[in-house]
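Novice: The sequence shown begins at 1 in full-length UniProt numbering and counts up one residue at a time.
Don't be surprised by glycine CBs; every beta carbon is placed ideally from N, CA and C.
Please read these numbers as outputs of a predicted model, since none were measured by experiment.
Mind looking over this structure? Questions follow.
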Amino acid sequence: MQSANVFPYKKTLKGKLSEDVDKGFYKNILNSVLFLIFAFILGRASISYVLFPFGIAFFAALVAYKKKYFFVGLGVWLALLTVPGVNSAKYLLSMAIIFLLELFLRVKPTNALKASFITLFSLFASGLIFSYSYNFLYFDVFLSSYEAVIAMLLVFIFNHSLSFIVNRSTRKVISNEELVSLGIFTAVFILGLHNLNIWKFSLNSIAIAFAVLFISYLGGSGAGSAIGTTIGVLNVLAYAEAPSIVGVLAFGGLLGGSFRKLHRIGTIAGFVIGAAIVAFYTGFKIGNSLNPYGIGLAALLFAAFPKKYIQEAEKLIKGNKNLNDRDYSRKLKEIIAAKLKEYSGVFEELSKTFKQSNEKILDHKDISYLFEEIANKTCSQCVMYKNCWDRDFYSTYKSMFELVEHLEKGKDINDNRLYRKCIRFSELMSTTKYYLGIYKISMQWRERLKDAKGLIAAQLKGVADAISDIAKEVNMNISFKDELEQVILLELDKNGIQVEDVLVYETDGGSTSVKVYREEGYLSKDLEKKIASVISEVMGERYERKDRLYGIDSKGRCVLSFAKAESLQVITGVSKVSKAKNRISGDAYSFMDLNNGKYVVALSDGMGVGYKAAAESTTAISLLEKFIEAGFDRELVIQTLNSILALRSAEEMFSTVDIMFLDKFTGKAEFIKIGACASYVKRGASVEVIESSSLPIGILEDIEADLHEKKLKEGDFVILVTDGVLECFEGEKEMELLRVISEADFISPQEMADYIMKKSLERCENTPKDDMTVIVAKIWKKIYV
């Protein structure tokens, strides 16, 4: 007999519930004790030892928040009993009225206005009642009014403080109102510690110094001076302390916050130095609220304060900054980037749709459809139809396959079974040729349609990738270098260069750019070099102007862009000869600088000579330039070029493409060769050959380019040629051309290109067999004057 496992589900649930109840119970006990302490201390705080509105306001705000805390009124009343000469019965009556009215009117924490007016009425009414029971004076009415108004205002302040204190364990963000209210709450709490001493240590003095040190360390010089000023002013107003205490605490908080980068010891030193300086100049007349014993003990307490609580407070301050610094420009970038990603997803989905439909097109109709059309046209009325297509179906079908195969290959059809058997063979032959021609044309157009849809799919995928890249750029994190901007502005001013503004920013890639804004549009070469020199000196690296034309911003100012200077530069020379004089060359080329510090050289050779070849090669180079400048992926560019050239003409047209990308910062070169002739890299007397085995673009549906990488140095020559140059040589053409290049000894790339062209023409007796183009690019180390 198997035993059953019975899990104590109810017991576990009960245990969990009891654990939650225990936590809630202990939390209530802790809050109750904490609020009793607050009530007692705030109850002792007074204005000139006559008015005690602080404890009453705290009681009204707390009862409005939660009625169960009504017992804190006992703490306020006990505090008043410790102060001689206070009519504690008046305040006890006002608290009773406040509790009853808030209970009857169901005041909630959100009804701070209602609670404040209840406090105003209760405190003023109880003051009038007790004034009437004694000798009624108008001054008593004034004091009651003054005290009631202050209590009403404090209810608003304490309401914001309590919203954080009650839920302090779960709160991660604090608002400005709560932060200011907590500061005032702290200052009032410190007032309640007045005249509470332990031996030579004043609790008031310890609390003042600790509060200023703590806030200075968390919030910096601004927050430190603010809390120092607040506490100092309240002490002056409440207990008629010497006004100099305001300056002592404010300046101490300012220096303490300024030195917080030196950790706690720096904050303590800054506060002590600041307080001592002001105290010295005021003759140490700072009253009883601050003394050296209290400052010393407060410094020790602050130094030993648990790091965990400081970190929690720092998180709250950081949360407040995040709450206030709502960087809407960054949020706008995120929204735009998300929207662009959505668009990218749409285009990618469209690309997949076209690709799937393209795959369906590849499923050609079975050739049986062709045989069915031929049979219906020729055999349906024949007397032998049933014999051929019913009784002897498989033999007839096989014979039709053989007949079509013979017609395709141009073989003799006399040995075909249908030739000997079919009584209408001549009609069958003509019908078969007709439908076979239609079938072949249909298949050709199907292939063209398939290529077109494949091109659309590839283009849509390219657009999706491009939009995705744009989204990444939009969402790029850019850090602005404020300190560098100030230094550059100062140095430009010292050099007598007047500018409106300077912007220095660093992108995710680590590249730093500098923009200089001027009112004047004209800038001489000498002044431009002077600005670049100042920027280079400040940045510690050589910087140069990147844009050839001046930019204009939205304010109409002239904008000059500077970026890190490239270590290499390229000079290119070209030599061209057409096969026939006065005819257009079928070769096309391009070389240009790209924005990312790259240099590209491209050479294309269209099939044949003349206008058609020129149209193909020019199209290839023109599209290549546009795609590269737009930032499209290189593999996509090659596939797109291949598809476009294959579709743009009904005839077979193709072109070779030879490309070199050079990184002018590192000297790394990438060679992409598609059906192109060998390229050459000449370094001194040695020459290296870079060969290609790929087919030209425009022939096959998919094409693979040959990729080669090489590190180039100063003084290297890169030579790209078309096949017309190689056609001038006999035997091992690449090796013959290599010898010509190795013998060339020139500094100028143009002279090198002309020399190679001249020697090549000499080998073919100045009669080119094809269009000829030689491109020579020389790598130089960039020289700055």
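Under 8 Å: do the stretch 755-764 and the stretch 553-563 share three or more Cβ pairs, one atom per stretch?
Specialist: no
Novice: Quick one, which of Met735, Asn204, Ile467, Phe280 has its alpha-carbon nearest alanine 45's?
Specialist: Asn204
Novice: I'd like the ranges of any beta strand (DSSP E) spanning at least 3 consecutive residues and lying wholly in the stretch 556-586.
Specialist: 558-564, 568-577
Novice: In three-state DSSP terms, what is lysine 778?
Specialist: strand
Novice: Return the chain-ordered list of same chain residues with a C-beta closer than 6 Å to the C-beta of isoleucine 638, the five sequence neighbours on each side being excluded.
Specialist: Ala705
Novice: With DSSP as the reference, label valine 246 as helix, strand or coil.
Specialist: helix
Novice: Would you mind stating whether lysine 664 and leucine 761 have Cβ atoms separated by less than 9 Å?
Specialist: no
Novice: Would you grab the beta carbon distance between residue 789 and glycine 222 for me? Rounded to a whole angstrom, and I think it's under 8 Å.
Specialist: Since the displayed the chain opens at 1 and closes at 785, residue 789 lies outside it and no answer follows.
Novice: Around the C-beta of isoleucine 488, are 16 or more other C-beta atoms found within 10 angstroms, so that it is buried, or is it exposed?
Specialist: buried
Novice: Please report the distance separating the alpha-carbon of tryptophan 199 from that of glycine 296.
Specialist: The straight-line gap from Cα to Cα measures roughly 14 Å.
Novice: If proline 109 sits next to tyrosine 65, beta carbons under 8 Å apart, how far is it from one beta carbon to the other, in whole angstroms?
Specialist: About 5 Å separates the two Cβ atoms, so the contact holds.
Novice: Quick check on alanine 39: buried or exposed, where buried means 16 or more other Cβ atoms within 10 Å of its Cβ?
Specialist: buried
Novice: Decide if the stretch 212-230 is in contact with the stretch 267-280; the criterion is three or more beta carbon pairs, one per stretch, under 8 Å apart.
Specialist: yes
Novice: So, using beta-carbon positions, are cysteine 728 and methionine 772 closer together than 9 Å?
Specialist: Yes, they are a contact pair.
Novice: Would you mind reading off the limits of the beta strand (DSSP E) that contains aspartate 501?
Specialist: 501-506
Novice: Is the beta carbon of isoleucine 478 sitting closer than 9 Å to the one on glutamate 519?
Specialist: no
Novice: Measure the alpha-carbon distance for serine 133 versus glycine 294 and round it to whole angstroms.
Specialist: 43 Å
Novice: Looking only at its chain, what residues have a beta carbon closer than 6 Å to the beta carbon of threonine 688, apart from the 5 residues adjacent to it on each side?
Specialist: A small correction: the amino acid at residue 688 is glutamate; threonine does not occupy that position in the sequence shown. Excluding positions up to five away in sequence, the list reads Val681.
Novice: Checking 9 Å against the spacing of the C-beta atoms, do glycine 667 and leucine 712 come in under that value?
Specialist: yes
Novice: Pull up the distance between the alpha-carbon of residue 796 and that of phenylalanine 99, whole angstroms please.
Specialist: The requested residue 796 is not part of the displayed model; the chain covers only 1 to 785.
Novice: Tell me whether the beta-carbon of alanine 565 lies closer than 9 Å to the beta-carbon of arginine 583.
Specialist: no
Novice: Per DSSP, what kind of secondary structure is alanine 676 in: helix, strand or coil?
Specialist: coil
Novice: Within 10 angstroms of its Cβ, does glutamate 732 collect 16 or more other Cβ (buried), or is it exposed?
Specialist: exposed
Novice: Take methionine 152 and list the residues in its own chain whose beta-carbon comes closer than 6 Å to its own, dropping the five residues that flank it on each side.
Specialist: Ser116, Thr119, Leu120
Novice: Consult DSSP for glycine 724 and reduce its assignment to one of helix, strand or coil.
Specialist: Glycine 724: helix per DSSP, three-state reduction.
Novice: Do isoleucine 184 and threonine 230 have their beta-carbon atoms positioned less than 9 Å apart in this structure?
Specialist: yes
Novice: Only counting the same chain, and skipping five residues up and downstream in sequence, which positions put a Cβ closer than 6 Å to that of alanine 588?
Specialist: Ser604, Ser617, Thr618, Ile621
Novice: Quick one: what does DSSP say aspartate 770 is sitting in, helix, strand or coil?
Specialist: Residue state, collapsed to three classes: coil.
Novice: Name the two residues that bound the continuous alpha helix (DSSP H) containing residue 789.
Specialist: Because the chain here runs from 1 to 785, residue 789 falls outside it and cannot be looked at.
Novice: In whole angstroms, what is the alpha-carbon distance linking leucine 594 and isoleucine 174?
Specialist: 49 Å
Novice: For methionine 607, which of helix, strand or coil comes out of DSSP?
Specialist: coil
Novice: In whole angstroms, give me the CA-to-CA distance for serine 380 and cysteine 677.
Specialist: Cα-Cα distance, rounded: 58 Å.
Novice: Is leucine 707 helix, strand or coil by DSSP?
Specialist: strand
Novice: How long is the line joining the alpha carbons of glutamate 427 and glutamate 408, rounded to whole angstroms?
Specialist: 18 Å
Novice: Using only CA atoms, which one of Glu405, Phe164, Asp501, Glu402 lies nearest to glutamine 486?
Specialist: Asp501
Novice: My assumption, with CB atoms under 8 Å, is that threonine 432 sits in contact with leucine 403. Please give the rounded CB distance.
Specialist: 6 Å
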